[in-house]
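Report on the structure given below.
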């Protein structure tokens with residue numbers, strides 16, 4: 002059962018998740034910054050259990066709040082108290098004493114947990130990969146290796162932001178590794194020498210069959226554990242590369258076969274979401290000999306290119322370009338493609354390395370339930386740093402232990418039976434009314450506004466409290482989604498279409 006968080010991000014919306022957080026430096030008893038990260042990344046059970054048994058914050062004058070860079074805006078003392086008094090009493094099990102449940106494999110190669118950095122700037126140098134390994138990441142998909150002469154635009158990132166400045170959607174026009182093949186191979190050798198148990202997935206992009214073949218062979222010879230074929234980058238200057246390949250199944254098959262000719266290690270095809278369906282390209286990769294599929298890469302997008310828009314755009318001398326969109330906003334799209342691949346009987350047995358909008362362990366769990374056997378992450382790392390691995394591992398491990406699941410491998414694809422590509426399977430003759438928690442309701446009337454102007458005029462406003470008109474309600478639950486206080490929930494039983502108010 003997925004437990005709904007007691008404390009929400011909204012409760013700490015002004016927290017900026019500092020580096021070397023002053024709140025923790027000011028507190029002699031606990032590490033509030035670490036606990037706040039646990040709340041932010043949906044891991045409050047573990048955060049609560051890591052606190053001391055007695056609530057030392059209760060009688061404290063809160064020097065943490067005085068030290069906070071947003072002094073007076075983050076209710077740190079109250080949040081710590083809520084962890085003690087609201088979360089801790091409801092915790093079902095102790096924190097697991099090991100992470101054995103997280104052990105899995107990528108195409109048969111053992112990895113210590115499912116979490117890897119995806120091919121991007123976050124995995125582009127020896128130092129960065131080494132720090133990620135030290136932090137606890139099981140592996141990296143190194144930034145795409147090529148023989149192209151790479152010249153990047155500046156600036157090259159833009160974003161759509163939430164109310165607190167966090168990134169909802171992220172656009173990049175960045176290309177591939179700007180290091181030479183020889184320089185990247187030296188990095189591989191050094192990483193394997195110091196971190197022999199860590200997984201190196203080498204992303205490559207060739208310009209013809211011979212180059213796909215030679216790059217794959219070179220990476221294996223220098224320590225790569227597997228190869229990822231980049232058929233999906235949307236930002237290439239040259240035609241016929243990146244996502245241009247991923248949209249043509251014949252090219253996917255041809256270049257996959259070329260890479261497989263020269264290597265004995267597993268090969269994954271990284272596919273583009275800039276298609277109607279991914280199965281044709283995935284099946285082509287299988288015919289070419291691929292051992293797995295990686296998905297999704299970024300989605301072609303435009304973010305704020307006009308001088309009259311007020312969005313941070315990567316404009317270079319007033320011009321921008323179509324680029325790749327990522328971040329939490331793309332997760333539903335990524336899950337749709339992962340489910341499509343996972344449900345395709347022709348692809349049964351292929352490893353799926355899933356990515357696209359993953360920030361928390363719950364996000365990762367959704368990908369695993371849809372069939373992903375490993376998880377790759379970039380945008381959340383760019384925003385929050387390698388440190389997110391702590392909550393990814395702790396949260397997923399705690400959930401598995403709580404549910405009595407012995408291995409993360411046991412739930413790969415477990416949710417596929419609940420997903421249909423057609424709405425014909427849905428019940429359409431019954432209505433599930435919303436229910437109002439009037440004690441939590443603050444009387445804002447947002448539910449009334451939305452129902453009137455975007456729904457079916459089924460909510461009245463009496464003395465600043467909502468009241469449902471069952472004769473008009475169709476059970477769409479728009480009101481539940483817009484309520485800022487979570488004071489509207491789903492009712493307990495369904496009612497036939499012929500009901501009266």
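Numbering (the working numbering), first residue to last: 2 to 502. All C-beta atoms, glycine included, are put in the ideal place defined by N, C-alpha and C.
- With fewer than 16 neighbouring CB atoms inside 10 Å of its own CB, residue 458 falls in the exposed class.
- Put simply, the backbone Cα of residue 65 is about 29 Å away from that of residue 380.
- If only complete runs of 4 or more residues are kept, the region 64-133 shows the alpha helix (DSSP H) at 64-68 and 77-83, in order along the chain.
- At the C-beta level, residue 39 and residue 48 come within 8 Å of one another.
- Fewer than three pairs of CB atoms, one per stretch, sit closer than 8 Å, so the region 97-108 makes no contact with the region 357-366.
- With contacts defined as CB atoms closer than 8 Å, residue 184 and residue 263 fail to qualify as a contacting pair.
- Straight-line measurement puts the Cα of residue 232 at about 10 Å from the Cα of residue 249.
- Taken in chain order, the unbroken stretches of beta strand (DSSP E) that lie wholly in the region 452-477 and span 3 residues or more are 460-463 and 466-469.
- With 16 or more other CB atoms across the displayed protein chains lying within 10 angstroms of its CB, residue 325 is buried.
- With a beta-carbon spacing of about 25 Å, residue 328 and residue 414 fall beyond the 8 Å limit used to define contacts.
- Between the region 161-173 and the region 140-148, the count of C-beta pairs closer than 8 Å stays below three; the two stretches do not touch.
- By the neighbour-count definition (other C-beta atoms within 10 Å, threshold 16), residue 398 is a buried residue.
- By the Cβ criterion, the region 99-114 is in contact with the region 399-414, since at least three pairs of Cβ atoms, one from each stretch, lie closer than 8 Å.
- Burial is judged here by how many other beta carbons sit within 10 angstroms of a residue's own beta carbon; residue 396 has at least 16 and is buried.
- Here the region 460-480 makes contact with the region 433-447; the two share three or more CB pairs at distances below 8 Å.
- Around the CB of residue 394, 16 or more other CB atoms lie within 10 Å, so the residue is classed as buried.
- Judged by their CB atoms, residue 341 and residue 285 are not nearer to each other than the 8 Å cut-off.
- In this chain, residue 251 is not harboured by any beta strand (DSSP E); it is covered by the alpha helix (DSSP H) spanning 250-262.
- DSSP places residue 399 in no beta strand (DSSP E) but in the uninterrupted alpha helix (DSSP H) bounded by 389-403.
- When Cβ pairs closer than 8 Å are counted between the two stretches, the region 210-228 is seen not to touch the region 273-284, the count staying below three.
- The C-beta of residue 335 has 16 or more other C-beta atoms within 10 Å across all chains shown, which makes the residue buried.
- DSSP, reduced to helix, strand and coil, places residue 42 outside both helices and strands of the structure shown, so it counts as coil.
- In the structure shown, the three-state DSSP call for residue 440 is coil.
- In the DSSP assignment, the residues bridged to residue 229 are 204 and 269.
- Where residue 491 is concerned, the enclosing beta strand (DSSP E) starts and stops at 489-497.
- For the pair residue 291 and residue 257, the CB atoms are nearer than the 8 Å cut-off.
- Membership of residue 144 in any alpha helix (DSSP H) is not indicated; the residue belongs instead to the beta strand (DSSP E) covering 140-146.
- Residue state for residue 355 is assigned as strand, using DSSP reduced to three classes.
- A Cβ-Cβ distance of about 6 Å is found for the pair residue 489 and residue 437, placing them in contact under the 8 Å criterion.
- Ranked by Cα distance from residue 193, the options 182, 245 and 131 are led by 131.
- Of the residues assessed, residue 36 falls on the buried side of the cut-off, its CB having 16 or more other CB atoms within 10 angstroms.
- Residue 390 sits close to residue 136, with the two beta carbons spaced by under 8 Å.
- In the structure shown, residue 172 falls within a strand segment according to DSSP collapsed to helix, strand and coil.
- Of the residues 222, 177 and 186, the one whose Cα lies closest to the Cα of residue 230 is 177.
- If you draw a straight line from the Cα of residue 370 to the Cα of residue 416, it is about 5 Å long.
- Residue 8 is not a Cβ neighbour of residue 118, given a cutoff of 8 Å.
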